[in-house]
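Peer 1:
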Amino acid sequence: MSSSLAGILQIVLLVAALAVCYKPLGDYIAGIFTSEKHLRPERAVYRLMGIDPSADQRWGTYARSMLAFSGISVLFLYLLERVQHWLPYANGNVNVPPALAWNTAASFVTNTNWQNYSGESTMGYVTQMAGLAVQNFVSAAVGIVVVIALIRGFMRTKTDRLGNFWVDLTRVIVRLLLPFSVIGAIILMATGVIDNFSATHLIHSLAGSQQTMVGGPVASQEVIKEMGNNGGGFFNANSAHPFENPSAFSNWFEIFLILVIPFALPRTFGKMVGDNRQGYVLAIVMAVLWLTAVGGISFFEWQHAGTALHAAHAAMEGKETRFGIPGSSLFAGSTTVTSTGAVNSFHDSFTAFGGGIALFDLMLGEVVPGGVGAGLYGMLMLAVLTVFIGGLMVGRTPEYIGKKIRPTEMKWAAAYILATPFSALIGAAMSLGFKTPRASILNPGPHGLTEIVYAFTSMANNNGSAFAGLTTDTTWYNTAGGVVMLVARFAPMVFVLALGGTLARQQIVPASAGTLETHKPLFAGLLIGVIIILVGLTYFPALALGPFAEGLH
Amino acid sequence: MIHVNRLPALVRQHIAALRALLVFTVLCGIVYPVVMFGVAQVAFHNQANGSLVSYNGKVVGSGLLCQEFVDAKGNPLPQYFQPRPSNAANAASKTDYGCDAGFSGATNLGPNNPALLKTIEQRRAAVAQFNGVSPASVPPDAVTASGSGLDPDISPQYAYLQVNRVAKARHLSPSAVHALVAANVQGRPLGFLGEPTVDVLVLNIALDKLSSR
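Top to bottom, those sequences are chains A and B. So for the first sequence, our numbering puts the first residue at 1079; every next one is plus one. So for the second sequence, our numbering puts the first residue at 259; every next one is plus one.
What follows is the structure in structure tokens.
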């Protein structure tokens, strides 16, 4: 079988698996949040938290609970990193220095998992599992509950209540993330992902020299790293590391884990607002753009343009033999359109246009399908913008899912759409403007510019993948990066919850002849157009000076 | 006992947040990974501990990690199949085949980087000379560093290219070594996932067994 045919078949199998999961998983997630019943372990958790599960919160209270939880999380993770040397299973690692600890704490709490460190030589096992992996669970859960609160804004009428943050958070962990992680971890273990507490040690190799052997509780962390769209590798090489991703099958399964929840959430939305067609249309828009990205990256990686890659006869620099071009391109296209940022091959060594598409994926704002929860609320914001533009064309007050999109709603949507590019471009511009941050660039020419643009676009979109040649464990990148990740994660979330709050207060507007039908192909086309134009207008200069300049040279 | 309800809302929220984080730290950060560790050690003992491989009863490496087969000067040993170039090495390393699991990672050199171009051209010439083949026949995986620096595999093409050199160094018949490679080619999982591979350490162990027969 030819490599390209095999590559197409693995995409077909992936699409089929996601399609099979769409309805049952989407409905299951909807059920988690619409069920009246608290499970017994959940009631125990509420008692330990000291909260009243029957309290229904206003959007502001919901947002403040979310911010309090995330703020405490940053502090806790920071402190854990700063004292890890004195904890058991430190594996010889010292306490993480302040700037790096700050960056890492901000990074994992924001679901970004940007890493300015090598896991195997920086983080002890307790930091990994009780610090970083815990945030892999809870930061993913926070993303999901925020979109659920927004969906309640569409569902509910004449109320100022959006649900209970603590209940939603607990339920998504207890009913979705933990049980699915147990199953996923067992599958990963069977493929060869390690799970032990052995310290780093030496063994005698076959040729008589010594070889370092590393260990760690990896499988339990690997599964939530992918499924929660976190992406922070246990080891520096992330999912290229054979102990994190041992085979072409584990590779396919990890890509499946990355995509399964984000692609099921549109169904959850359709189910909860009582119109499944609204979910299908969003899922199809997501799938079209995701598959276009994967197809584009695969095409350019097969072409292997570039002087160095041409000399090698294939774009295999930074790629693993067992995944090859197809398995690496599929992973790259999937990790960058979700907010995962795990990598099984190194984007800095991709072709100019292959790496450029990965960068473009980040610029899409992580909505096709985007991160768990965050992707869907981003997409809903863009849907709101699309019906608004559609309304302008015909001169009517736009509506979406029976709610009017008035100036108040548009203000929150516009603020949302501006927050991410603002953080990304300011961060990149400042790094290019100063000499020291500029000195962190590894590759010469336009490629070096792309490294910096990629870094801040990745951090601002809470993705976490990198053009990793850039040296980022510096005071500037640690500090500024931490600020960018926090602002670009939590400001949009507050805008989303505010929109949910205003929507919930409205009555349902009955659909009329003038209503734009948002379950039809026309709307899907308009939505795709809005996404592409918005990104184009915002980022085109950066793309032109980076990947385009390099690729067309 | 503090009367929580009398405190301002902002303080109450942060106390709830701290308690929630502690609960989830115990649940997701201690109970869950320790239980999964137990499952791994019982049900998948070999995989969970790194898929270790042995020769003559001694552990000599992991079937999932590449290993260097070089002399004291860092030159490749002709009697062993060679893995891909590796960037996983400490600064003092003299070899292009680091495979040091303490330093996993890629070069991150760009597609048009002149330094990468030069390295690839040098490797192509060196691999061709080492194996006595034409430079054009050297496959891509032989001249590029992997993503992890720990890639255990090479392409079947690169493995077959090394057969004559290995056979000569070991005074074995090329056909016997060729047959050994053929027996060690792993096809794509499910027939279409990833690419066909040859695990270099596993192949070299089989080779040592063949030689000692």
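We put the CB at the ideal spot given by N, CA and C, even for glycine.
In terms of residues, what are the limits of the beta strand (DSSP E) holding A:ILE1281?
Peer 2: 1279-1282
Peer 1: Between A:ILE1150 and chain B, is the shortest Cβ-Cβ distance under 7 Å, so that the two count as touching?
Peer 2: yes
Peer 1: Closer than 7 Å by beta-carbon distance: list the chain B residues that pair up with A:SER1287, in chain order.
Peer 2: GLU326
Peer 1: Taking buried to mean at least 16 other C-beta atoms within 10 Å of its own C-beta, is B:ALA440 buried or exposed?
Peer 2: exposed
Peer 1: Could you work out which residues of chain B lie near A:LEU1178, taking near to mean beta carbons separated by less than 8 Å?
Peer 2: Residues of chain B with a Cβ closer than 8 Å to the Cβ of A:LEU1178 do not exist, since the nearest Cβ in that chain sits about 17 Å away.
Peer 1: Thinking just about the alpha-carbon of each residue, which of A:VAL1445, A:GLY1448, A:LYS1489 is nearest to the one in A:PHE1466?
Peer 2: If we check each option's Cα against that of A:PHE1466, A:LYS1489 comes out closest.
Peer 1: So what does B:ARG277 bridge to, in DSSP terms?
Peer 2: DSSP lists no partner for B:ARG277.
Peer 1: Have a look at A:GLN1356 and A:VAL1363 and give me their C-alpha separation to the nearest angstrom.
Peer 2: 11 Å
Peer 1: In the DSSP assignment, what residue or residues form a beta bridge with A:LYS1482?
Peer 2: A:GLU1477
Peer 1: So which residues on chain A does B:TYR418 lean against when the C-beta distance must stay under 8 Å?
Peer 2: Chain A residues near B:TYR418: none, gap ~14 Å exceeds 8 Å.
Peer 1: Cβ of B:ASP399 less than 7 Å from any chain A Cβ?
Peer 2: It does; some Cβ of chain A falls within 7 Å.
Peer 1: Quick one: what's got a C-beta closer than 6 Å to B:ASN333's C-beta in the same chain, skipping five residues either side?
Peer 2: Close CB contacts of B:ASN333 within its chain, under the 6 Å cut and outside five residues either way in sequence, are absent.
Peer 1: How about A:ARG1230: is its C-beta nearer than 7 Å to some C-beta of chain B?
Peer 2: no
Peer 1: Using a Cβ-Cβ cut-off of less than 7 Å, give me the residues of the stretch 1115-1143 of chain A that come near chain B, in sequence order.
Peer 2: VAL1123, LEU1126, MET1127, GLY1128, ILE1129, ARG1142, SER1143
Peer 1: Jot down the residue ranges of each uninterrupted alpha helix (DSSP H) in the stretch 263-337 of chain B, minimum 4 residues, whole runs only, in chain order.
Peer 2: 267-284, 290-301, 303-306
Peer 1: How big is the Cα-Cα spacing for A:SER1417 and A:VAL1204?
Peer 2: So the two alpha carbons sit approximately 25 Å from each other.
Peer 1: According to DSSP, simplified to helix, strand and coil, what is A:GLY1085?
Peer 2: helix
Peer 1: Tell me where the beta strand (DSSP E) around A:GLN1206 begins and ends.
Peer 2: Premise fails: A:GLN1206 is in no beta strand (DSSP E) and is neither H nor E.
Peer 1: Taking buried to mean at least 16 other C-beta atoms within 10 Å of its own C-beta, is B:ASN314 buried or exposed?
Peer 2: exposed
Peer 1: Measuring CA to CA, which of A:VAL1220, A:ALA1108, A:VAL1613, A:SER1276 is closest to B:ALA278?
Peer 2: For the options A:VAL1220, A:ALA1108, A:VAL1613, A:SER1276, the alpha carbon positioned closest to that of B:ALA278 is the one of A:VAL1220.
Peer 1: Strictly below 8 Å CB to CB, what residues from chain A border B:ARG342?
Peer 2: THR1399
Peer 1: Between B:MET259 and the rest of its own chain, which residues show a CB-CB distance below 6 Å, the 5 nearest in sequence each way excluded?
Peer 2: Note that B:MET259 scores 42 on pLDDT, short of 50, meaning its location in the model is unreliable and no value can be drawn from it.
Peer 1: Under 7 Å between the Cβ atoms of A:ALA1030 and A:GLN1299?
Peer 2: In this structure chain A extends from 1079 to 1631, so residue 1030 of chain A is not present and cannot be described.
Peer 1: Would A:GLY1559 pass as a contact of A:MET1537 if the rule is Cβ separation under 7 Å?
Peer 2: yes
Peer 1: What residues from chain B crowd round A:TRP1244, counting only those whose CB sits closer than 7 Å?
Peer 2: Near A:TRP1244 (Cβ distances below 7 Å), the residues of chain B are ALA274, ALA278.
Peer 1: Under 7 Å, Cβ to Cβ, is there at least one residue of chain A near B:ILE260?
Peer 2: A caution first: B:ILE260 carries a pLDDT of 49, below 50, which makes its placement in the model too unreliable to give a value.
Peer 1: In chain A, what lies closer than 7 Å to B:SER406 by C-beta?
Peer 2: ALA1315, ALA1318, HIS1319, PRO1320, GLU1398
Peer 1: At a CB distance below 8 Å, what residues from the stretch 443-455 of chain B approach chain A? Give them in sequence order.
Peer 2: ARG446, PRO447, LEU448, GLY449, PHE450, LEU451, GLY452, GLU453, THR455
Peer 1: Pick helix, strand or coil for A:TYR1140, following the three-state DSSP scheme.
Peer 2: Look at A:TYR1140 here: in three-state DSSP terms it is helix.
Peer 1: I'd like to know whether the C-beta atoms of A:PRO1447 and A:PHE1341 end up nearer to each other than 7 Å.
Peer 2: yes
Peer 1: Beta-carbon of A:ASP1238 versus every beta-carbon of chain B: anything under 7 Å?
Peer 2: no
Peer 1: Quick one: what does DSSP say A:GLN1585 is sitting in, helix, strand or coil?
Peer 2: coil
Peer 1: Can we count B:VAL456 as close to the ligand PLP, meaning its CB is less than 6 Å from some heavy atom?
Peer 2: The ligand PLP is not part of this structure, which contains no ligands at all.
Peer 1: With a threshold of 7 Å between beta-carbons, can A:VAL1216 be considered close to chain B, or not?
Peer 2: yes
Peer 1: When the Cα of A:GLY1614 is compared with those of A:GLY1542, A:TYR1124, A:MET1441, which residue comes out closest?
Peer 2: A:MET1441
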